[in-house]
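In case it helps, my numbering puts the sequence shown at residues 327 to 943.
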Amino acid sequence: MFSLLSIPYETPEPLRARYAHLESLPVEPTADGGATFGPARLWRRRGVNVLSLAGDRYEMAFQHGRLLRDEIASGTLEAVGALARRGIVNSVGEGRLARMLRWYCETALADPMLRHALRRARQVGDESPLDGYGLAAGAGIPARTVFRAPLGPEVAQLLLGKTAGRIGGADPNMCTSFVAWGARTANGELIIGRNTDYPLTGYFDKHPTVIYFAPNDGAMRYMTVTSAGVHNAATGGLNEAGLYLAIHTVPTTNVSERGLPVLMVGQQILRMARTLREAEYWIKQATPAAGWNFHVVSTRERRAATFELCAENAHVVYSEGESHVTTNHYRSERMLPHQLHVNRTIETDTNARMARCAQLIDEAAGKLDARRAAAILGDKHDPESGRVRFGPNCVSASTTVSSSVWLPESGRVYVANGRAPVSQNEYVEVPTLDRLCVETFADAPYEVIDNDVVRRDHAAMLGAEQAYQRARERFEYENDAAAACALMRRCFAEHADDAHDPALRLHHALYAIRCDRRDEARAALDAILADPWDAQRARVARYLRARLAADAGQREAALADLALLEADAQLDGALRKAVDKCARRLRWPLVRRVRLRPNDIAPMSWMADAFRYTAII
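Now the structure itself:
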């Protein structure tokens, strides 16, 4: 059915004929504000879409697309497919290099990966392409958009790995998961916490969605917490055997366009695996294209593991004791050589979130319940500085676009709603799939957890974070550094007492450099160095100030800052190389100036640092 010579973006005619009857089925509104479509059901619960789907893969995807057609049109699919393209422009600006890199991502990365995925699906009898065709037909959107969307995160990771971190399609630190049970929790109940972090604010968080899948092809039933249009459970899903799975990015150079999209791998595990061992078997059958950690929990075995993966290697780190945490780095000796070290911020952030989760689970001292689990997911304490801040190093990130607490043994899942970081908002209860009753769901009582601890005690800080979010989105989505600068100025004006975080100042400086507002950048950097309590932000600020001085012909001022950095034993590899390169050039007697062009520095998105500190060419 699927040609491998060209990518079949047009729905094959046999499929159209087979499912033509779905096109004429009506969507029937219900009295509770939801709708029905054949056997499928949609409910709305305090801003969360809840879908119950049944049938084969095409039918369930079509049901999803038809019932959430409007939400999908303004949701995640287009944005996630554009991740790598936007990342390229954010890294190198517009121009010939950006066009070449976009062509490379399309023809050398995305197309081969999709062909490999289709070939693999045909070989093993996996009908996952039907998901794409069904969703596209139901939602009335091009199949190309649907097929390209799950490749977005993978291509971003491939681009990062193949350029050794110098061009980032997206920040590589995404997502936090934990599980605890036994003596660690109230009544010994197993509790899972999950933050999905991704630079899709305003899209993924716009339409939080719970989906219950009831396939009729022999696969297990499963459920997920996701966003409208994301017809996949790998961002956080639970199957009827009690196996939970969630994915996490890991930066690595061990990548390959001949690997499989991670969402395809995760979906297959949830459909087929009943135990950790079975999950491990399916992982070994289908290695993903880039670096990933799978947080996997067998609720019936009361055991958890992190499956550490890259294109050519894999290892399983099993839980020790009665808790387990997964973030965005490898821990096993086998996988550590594959870790890509981009900068100190990335490494500190993933380790800090892991340590903070473990600390808070320990501090719960056997009292961990749904409310305390939500508080962990909403935590804004940076263990590196000892301060409450918007990030980095915080469990609740600015890009937390989905958050959930799972209590499978008592049949409850709590899903956060509202704008990112969603872990600061309400968590709305829905049942696990074994407790779902379609006939009574609309009128069934449910609990709402208002995760208001940070909102209550640090409301002004969260206001500054929201102001920063608007600036970041203008830069990240529209490559409009000037607008981002203007919004950062507004942030500091409106939140003067609460926008003093060096991370906010560094973001401002990076945007200002990109739009060539040198004095504005220098003022932001001076503010960081006047109170350098965040060591890494201070290092990057000092380097950028030196580069601005060197560009302005202020040779001695630049060398003074560079000398301080050269003496810093904690200066990490990439930044040290950039410092040494600039210092060597300035120390030549005839050199009075080292240029800094707007696109020489490649800002990261939500973490205040850079993928690249020097010109790519």
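Think of the CB as a built atom: it goes at the ideal place given N, C-alpha and C, for glycine as much as any other residue. The structure presented is a predicted model; accordingly, all values stated were derived computationally and were not measured.
- The C-beta distance from residue 390 to residue 641 rounds to 35 Å, too long to fall under 8 Å, and the pair is not in contact.
- In the three-state scheme derived from DSSP, where H, G and I count as helix and E and B as strand, residue 752 is classed as strand.
- In this structure, the CA atom of residue 464 is about 27 Å from the CA atom of residue 745.
- Secondary structure of residue 347 (DSSP, three-state): helix.
- Closest by C-alpha distance to residue 626, out of 591, 724, 516, is 516.
- Burial check for residue 752: the Cβ neighbour count within 10 Å reaches 16 or more, so the residue is buried.
- Collapsing the DSSP output to three states places residue 507 in coil.
- Just measuring C-alpha positions, the residue of 674, 849, 635 sitting nearest residue 860 is 674.
- The shortest CA-to-CA distance from residue 425 to any of 411, 437, 538 is the one to 411.
- Residue 937 and residue 863 have their C-alpha atoms roughly 14 Å apart.
- In the pairwise beta carbon analysis, the region 801-816 is classified as not touching the region 728-735: fewer than three pairs are separated by under 8 Å.
- In this structure, the beta-carbon distance from residue 577 to residue 668 falls below 8 Å.
- Of the residues assessed, residue 545 falls on the buried side of the cut-off, its CB having 16 or more other CB atoms within 10 angstroms.
- Per the DSSP secondary-structure output, residue 523 pairs in a beta bridge with 726.
- Residue nearest to residue 758 within the set 356, 387, 549 is 549 (criterion: CA-CA distance).
- Positions of the alpha helix (DSSP H) runs, each at least 4 residues long and wholly inside the region 519-607, are given as 588-598 in order along the chain.
- At a Cβ-Cβ threshold of 8 Å, residue 721 and residue 502 count as neighbours.
- In the DSSP assignment, residue 634 falls within the beta strand (DSSP E) that extends over 629-635.
- Per the C-alpha coordinates, the member of 367, 607, 350, 778 positioned closest to residue 357 is 367.
- For residue 409, the uninterrupted alpha helix (DSSP H) segment begins and ends at 409-418.
- DSSP, read as helix, strand or coil, puts residue 624 in strand.
- Distances from the CA of residue 824 to each of 715, 372, 636 were compared; the closest alpha carbon is that of 715.
- Going by C-alpha positions, residue 896 is about 22 Å away from residue 664.
- Counted as a single uninterrupted DSSP element, the beta strand (DSSP E) harbouring residue 361 occupies residues 361-363.
- Our two residues, residue 725 and residue 915, have alpha carbons roughly 47 Å apart in a direct line.
- Here residue 517 is bridged, per DSSP, to 506.
- DSSP places residue 837 in the uninterrupted alpha helix (DSSP H) bounded by 828-840.
- A distance below 6 Å between beta-carbons, with the five flanking residues on each side excluded, links residue 636 to the following residues of its chain, in chain order: 578, 580, 617, 664.
- In this structure, the alpha-carbon of residue 397 lies about 26 Å from that of residue 791.
- Under DSSP, residue 354 forms a beta bridge with 362.
- Collapsing the DSSP output to three states places residue 716 in coil.
- In this structure, residue 378 lies near residue 538, with their beta-carbon atoms less than 8 Å apart.
- Residue burial annotation: residue 384 is buried, with at least 16 other C-beta atoms found within 10 angstroms of its C-beta.
- If you look at residue 937, you'll find it in the beta strand (DSSP E) that goes 936-938.
- Per DSSP, reduced to three states, the secondary structure at residue 772 is coil, with no helix or strand assignment.
- With respect to residue 335, residue 469 sits close: the two C-beta atoms are nearer than 8 Å.
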